[in-house]
Structure formats: C-alpha cells, structure tokens
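Take a look at the structure set out below.
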Amino acid sequence: MQRAPRYSVIHDDIVEQVRTGTLEPGMRLPSESDLAKRYGVSRMTVRQALDLLASDEIVVRKHGSGTFVREQSRQGRHIDRLRSFAAELADVDVVVGSEVVRAELVDAPADVAEALGLEAGDPVHRLTRVRTVDGVPAALQDTWIPSHVAPSLTREPLEGGSLYRTLAERHGVRLRWADQSMTAELLGVDEATLLRVEPGGAVLRGMRTTYSDADEPVEFTHGWTLPSFPLLLRIDAE
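So in UniProt numbering, spot 35 of the sequence shown is number 35, and the numbers just go up one at a time.
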C-alpha cells in the first residue's frame, strides 16, 4: 500500500486537532519552523500542508502574523467552494466517514458520456459511496471518472478517503471548477436501501460535472443528501 505524503499526514493531523477542539477557532498555529521540528520534516513540506489547509478553508494565513484556525460562523456542510465532502464539514464537530459500495470499471452510459465529453461505451471508473456523519448515512454519491484520467483509480484505496486528494496526489489531476444543479425529489428504493431509510421520503438531488485546470471534464457525480443534513451556501453581493 502506497504511503501518504508527509504533508498530507500533517494536514490530516491538524484537521483532527481542529475537529476535536485541540486547536480552537482563532488560535495561532506554531511557526513553520516549529511545525517542521515537531513533525521531523522540511519547512517546504510544512508549507505544502498549510497551503492545503488554507485551500480547504481550515486555516487563514495572514502575512506577517502567522497561520490561524479559521473562525466558524455557522455549522453545516458548506458547498460554496469546490472541496471534498470531508473538507466541506471540517469546521463541524462530527466524524465524517465513507463507505465504498461500488468501485469498478464500466462502460459509460449515454448521459455520463455526454457529461464527460466521451462516447457512449467508453471505459469509466464508477465509485458509489455512502457518506456518513458520526456513523449515520447522510448522503449517497455515484461518481464516474474517465479511465484515462486515473487509470488505476478503482484498484487502489482512496488517499485519506478523499477522491479529490487521490486525483491530485496520485494522478496529477488539479480540479478547477464545477457545474452543479440541485433539485428536490422523492427517494427511490435503491438509494433508500443504501442510505438505510424508507423510500419515498424527500431528498436533495444534485448533479455535478467537475473540470480540471485544463478545462477537461474529469468527474460526473449524482448525489442524494438527506434533508436532516444541512447544506450552507454563501451568496456574495456583486
């Protein structure tokens, strides 16, 4: 099994300290030099970890002052940025988990092929995951990735349980932007079974096409989120 990069280990450790309250909002992190000594790595490795934490909005880096744990105003899953499921919930005091239901190489259905700019029947990786919060199913995600984007994706464990991190760290895929639509609908039998709830209840249905920094579609996801699980969207004025 491939070992996680050191900066990824540091990132995960600091995220856990924020989640458990060891590092509180507004608290200043140790300097890069102190962190390098603590983890036995170079300052460049620490800087990579801090950059990743900043991009996940776990910390705020202030020039001349240091790095601080980001202040949180509301609890919930923030969907205003392109982030992993776990990163969306990093500021909430919960344990986020992922249960992989399906991981296989399949022929792309017509709608998936259209979203990803492929021909119907082209090979794609299909990942179906139940996302849990404190051990309770909260969302279901059915994801397709073109096989040429990450050839070995379904034959390897996800880096830290994160698809986005795996794409970036193992396959060099940098995500840039996404188109996402959201509607309300009734939960079908198959989805309800995976989410361990009764079918026919209300659910928030989302569809997302994610693009790389080369503007290539690299991910197409259907998502079902239970209504008891909050979604927060920040809307800025022009």
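Positions of the beta carbon are idealized from the N, C-alpha and C atoms, including for glycine.
Would you call A110 buried or exposed, if buried means 16 or more other Cβ atoms sit within 10 Å of its Cβ?
-> A110 is exposed by the Cβ-count criterion.
Output the distance between the C-alpha atoms of L127 and V101, rounded to the nearest integer angstrom.
-> When rounded, the distance between both Cα atoms is 8 Å.
Between P25 and V69, is the Cβ-Cβ spacing less than 7 Å?
-> The answer is yes: Cβ separation under 7 Å.
Considering only residues of the same chain and omitting the five flanking positions on each side of V112, which have a CB-CB separation below 6 Å?
-> If you ignore the 5 residues before and after V112, its C-beta comes within less than 6 Å of the C-beta of W144, F220, all in its own chain and listed in chain order.
Work out the CA separation of G172 and V46 for me, nearest whole Å.
-> C-alpha of V46 to C-alpha of G172: approximately 20 Å in a straight line.
Alpha-carbon to alpha-carbon, S31 and T67 = Each residue's alpha carbon lies about 8 Å from the other.
Is S98 buried or exposed, if buried means 16 or more other CB atoms sit within 10 Å of its CB?
-> By the neighbour-count rule (16 or more Cβ atoms within 10 Å), S98 is buried.
Sort out for me which residues DSSP pairs K62 with in a bridge.
-> Looking at the DSSP output, K62 bridges to G66.
Is E32 helix, strand or coil when you go by DSSP?
-> In the three-state scheme derived from DSSP, where H, G and I count as helix and E and B as strand, E32 is classed as helix.
Between which two residues does the alpha helix (DSSP H) harbouring D13 extend?
-> D13 -> alpha helix (DSSP H) spans 6 to 20.
Inspect the CB distances between the segment 208 to 215 and the segment 170 to 187 and report whether three or more fall short of 8 Å.
-> Output reads yes: the segment 170 to 187 touches the segment 208 to 215.
Between L52 and the ligand MN, is the CB less than 6 Å from at least one heavy atom?
-> Absence of the ligand MN from the depicted structure is noted, as is the absence of any ligand whatsoever, leaving it without description.
DSSP on R74, reduced to helix/strand/coil?
-> Residue confidence for R74 is low, a pLDDT of 43 falling below 50, so the modelled location carries little weight; the figure read from the coordinates is stated next. If DSSP states are grouped into helix, strand and coil, R74 belongs with coil.
Contact set for E71: own chain, Cβ-Cβ below 7 Å, skip 5 residues either direction = So the qualifying residues of the chain are P25, G26.
From the DSSP output, in three-state form, read off D111 for me.
-> Helix at D111.
Which whole-angstrom value describes the C-beta separation of T225 and A115, a residue pair presumed to lie in contact below a C-beta threshold of 8 Å?
-> Between A115 and T225 the Cβ distance is about 19 Å, and since that is not below 8 Å, they are no contact.
R38, DSSP secondary structure in three states = Residue state, collapsed to three classes: helix.
Around the Cβ of T193, are there at least 16 other Cβ atoms within 10 angstroms (buried) or fewer (exposed)?
-> Flag for T193 reads exposed.
Best match in H222, P217, G64, V130 for proximity to R196 [C-alpha to C-alpha] = Of the candidates H222, P217, G64, V130, the one whose C-alpha sits nearest the C-alpha of R196 is V130.
Is DSSP giving D190 helix, strand or coil here?
-> Helix, per DSSP.
Among all the DSSP beta bridges, which residues are the ones paired with R196?
-> According to DSSP, R196 bridges with nothing at all.
Cα-Cα separation between T166 and L158, rounded to whole angstroms | Cα to Cα, the separation comes out at about 6 Å.
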